[in-house]
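Read through the structure below, which is laid out as structure tokens, and then see the notes.
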Amino acid sequence: MSLEIYGFDLISFNAAYLFSIIFLSILLYSYIIYLYRAQATGKIDYEKYGKLAINDSLDDEPIEVKDNNSKRR
């Protein structure tokens, strides 16, 4: 059974739409879980990045100090 309008099969279009919504939802939730775990384990502190909007003057201290002596690939 197929339902075609203007040459497009609407049943397969709806299936592709549903698949893309499910795929993007899984991708979004996995990214949220990654951010939560990184914050919880102390790997990255996202709260200090949230203060960028308040402390954005050139005279403010940097958020992270970069080591210029490290070798880059």
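With my numbering as the guide, the letters of the sequence shown map in order to residues 1280 to 1352.
C-beta: ideal position from N, C-alpha, C; glycine also.
Computed from a prediction, not measured in an experiment: that's the story for all the values here.
Taking 7 Å as the cut-off, the beta carbon of residue 1311 is found no closer than this to the beta carbon of residue 1327.
Partner residues in a beta bridge of residue 1346, as assigned by DSSP, do not exist. Of the residues 1293, 1294, 1330 and 1305, the one whose Cα lies closest to the Cα of residue 1339 is 1330.
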